[in-house]
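The next block holds one structure in the form of structure tokens; read it before the comments.
Residue numbers (our numbering), protein chains in the order written: chain A, 408 to 523; chain B, 174 to 487.
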């Protein structure tokens with residue numbers, strides 16, 4: 408038998424790198440794709456906070472971005488949905504107060520992007 | 174006062190405490206729930222996670238969605254390990270080996286909290302360890318395919334209490350976990366719902382800052398086993414509050430405070446409609462179940478208001 412160790416001498420357990428799931432793209436699960444109409448958006452952050460997949464990135468904008476009615480929205484603003492992770496649940500479109508998000512079928516979106 | 178903008182900034186990106194790429198069902202409310210709670214702490218958070226949906230979907234080997242120290246535990250011992258971690262932390266601090274401040278968060282589903290993990294939770298609360306216990310309540314063992322738990326509501330059909338010719342689903346009313354844990358005389362107990370981000374965030378902040386154990390119970394509509402369109406998760410959460418099925422209230426140092434009082438209480442049918450587990454209640458001959466359910470909800474609500482009014486301490 409090998410030499411006995413006290414508990415203070417034991418090695419640490421398994422330690423894995425953090426946040427590795429970013430390498431696992433869940434976008435392939437999607438049937439419906441959210442389409443964002445930035446000119447109707449009021450950047451209220453409801454969709455961002457409700458998104459189950461943290462797939463709506465935000466940024467701080469000092470100069471502001473144009474939103475609903477041509478108004479300039481400064482501070483925290485949302486960006487285009489990250490389709491690498493969006494699973495297409497449709498919560499964002501359902502809860503959007505200005506209805507600036509709509510869900511379309513993934514194949515329609517694919518076909519539209521392939522048109523010559 | 175926190176704002177949705179601040180919370181959004183804290184929960185976004187690769188440096189958030191939980192990140193994209195987890196494998197929860199499309200439209201699952203656990204994502205928004207856990208990211209909001211984790212954002213509410215301004216100190217580093219240690220997460221002790223009991224088996225359940227959150228655990229299996231965020232830690233599929235070799236991936237992890239966690240960006241904060243996290244430990245997977247069995248159903249029954251999340252609170253016990255949280256107690257151990259807290260004791261070890263206090264010991265290290267006292268001996269001067271560590272000087273940072275941390276928050277300790279134990280997370281479990283309703284199966285791992287109301288039923289299997291309950292005695293460990295009760296023990297940890299009784300010993301007054303300083304940690305927060307978060308229970309996301311989807312009203313059944315949803316990870317294994319909808320078995321009945323202590324949190325499953327009256328009248329719900331599950332695989333272990335199926336509705337049929339002789340049964341109308343679960344015959345018992347659910348446990349009131351919030352009042353049970355409040356009976357441990359702990360400083361903070363809150364009941365929140367996933368659709369009300371600001372309320373959830375504020376309650377999580379109070380829980381983290383409480384001087385002793387805190388418990389936070391959050392309703393999490395399960396799109397898969399309550400069987401509704403994934404886009405309606407927040408809608409069902411809202412309806413649960415508006416029908417008084419899941420009142421938003423907190424018990425701070427024994428004093429009850431009801432946060433939301435719907436001015437126009439909606440009939441419970443509005444919440445039940447569209448959920449497969451309550452489908453049988455709309456068949457002819459089963460009207461009495463809904464009537465009974467409505468009466469229970471109204472009685473519970475009246476009782477809660479009386480508790481608040483009386484000012485009697487828990």
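Note that beta-carbon positions come from the ideal geometry of N, C-alpha and C, so glycine has one too.
- Counting along the chain, the unbroken beta strand (DSSP E) around residue 440 of chain A starts and ends at 439-443.
- Looking only at B:343, B:400, B:420, the smallest Cα-Cα distance to residue 373 of chain B is reached by B:420.
- If you check the CB distance, residue 248 of chain B and residue 285 of chain B come in under 7 angstroms.
- In the three-state reduction of the DSSP assignment, residue 509 of chain A falls in the strand class.
- For residue 243 of chain B, no alpha helix (DSSP H) segment is defined; the enclosing uninterrupted segment is the beta strand (DSSP E) at 243-246.
- Between residue 462 of chain A and residue 488 of chain A, the gap from beta carbon to beta carbon is short of 7 angstroms.
- Around the beta carbon of residue 272 of chain B, a 10 Å sphere encloses fewer than 16 other beta carbons of the protein chains shown; the residue is thus reported as exposed.
- Only those residues of the segment 447-461 of chain A whose C-beta falls short of 9 angstroms from the nearest C-beta of chain B are listed: 450, 451, 452, 453, 455, 456, 457, 458, 459, 460, 461.
- Contact between residue 282 of chain B and residue 410 of chain B fails: their C-beta atoms lie close to 16 angstroms from each other, not under 8 angstroms.
- Within a 10 Å sphere around the beta-carbon of residue 231 of chain B sit 16 or more other beta-carbons, which makes this residue buried.
- If you draw a straight line from the Cα of residue 444 of chain A to the Cα of residue 436 of chain A, it comes to about 23 angstroms.
- Sequence-ordered contacts of the segment 491-509 of chain A with chain B read 491, 492, 494, 495, 496, 497, 498, 500, 501, 502 [C-beta pairs closer than 8 angstroms].
- Nearest CB-CB separation between residue 479 of chain A and chain B: not below the 7 angstroms threshold.
- The shortest C-alpha to C-alpha distance from residue 395 of chain B to any of B:432, B:456, B:309 is the one to B:309.
- Of all residues in the segment 419-432 of chain A, only 423, 424, 425, 426, 427, 428, 429, 430, 431, 432 place a beta-carbon less than 9 angstroms from a beta-carbon of chain B.
- Excluding its 5 nearest sequence neighbours in each direction, residue 460 of chain A has C-beta neighbours in its own chain below 7 angstroms: 433, 492, 493, 494, listed in chain order.
- Among the residues of chain B, none has a CB under 7 angstroms from the CB of residue 441 of chain A; the nearest is roughly 10 angstroms distant.
- Shortest Cα-Cα distance from residue 465 of chain A to any of B:233, B:238, B:265, B:187 involves B:187.
- Assignment of residue 267 of chain B by DSSP, reduced to helix, strand and coil, places it in the helix class.
- One Cα belongs to residue 242 of chain B, the other to residue 382 of chain B, and the distance between them is close to 19 angstroms.
- For the pair residue 218 of chain B and residue 211 of chain B, the Cα-to-Cα distance works out to about 7 angstroms.
- At least one C-beta of chain B is nearer than 7 angstroms to the C-beta of residue 465 of chain A.
- B:341 is the residue among B:450, B:389, B:341 whose C-alpha sits nearest the C-alpha of residue 457 of chain B.
- By the C-beta criterion, the segment 464-482 of chain A is judged not to be in contact with the segment 414-433 of chain A, since fewer than 3 inter-stretch pairs fall below 8 angstroms.
- Proximity of the segment 439-453 of chain A to the segment 496-505 of chain A meets the contact definition, three or more beta-carbon pairs being nearer than 8 angstroms.
- Taking the Cα positions, residue 214 of chain B is about 35 angstroms away from residue 327 of chain B.
- In the DSSP assignment, residue 485 of chain A falls within the unbroken beta strand (DSSP E) covering 479-485.
- Taking 7 angstroms as the cut-off, the Cβ atoms of residue 332 of chain B and residue 313 of chain B do not count as close.
- In the structure shown, residue 441 of chain B falls within a coil segment according to DSSP collapsed to helix, strand and coil.
- Taking all protein chains in view, the Cβ of residue 239 of chain B is crowded by 16 or more other Cβ atoms within 10 Å, so the residue is classified as buried.
- Not flagged as an interface residue toward chain A: residue 395 of chain B, since no C-beta distance is shorter than 7 angstroms.
- DSSP places residue 473 of chain A in the uninterrupted beta strand (DSSP E) bounded by 465-473.
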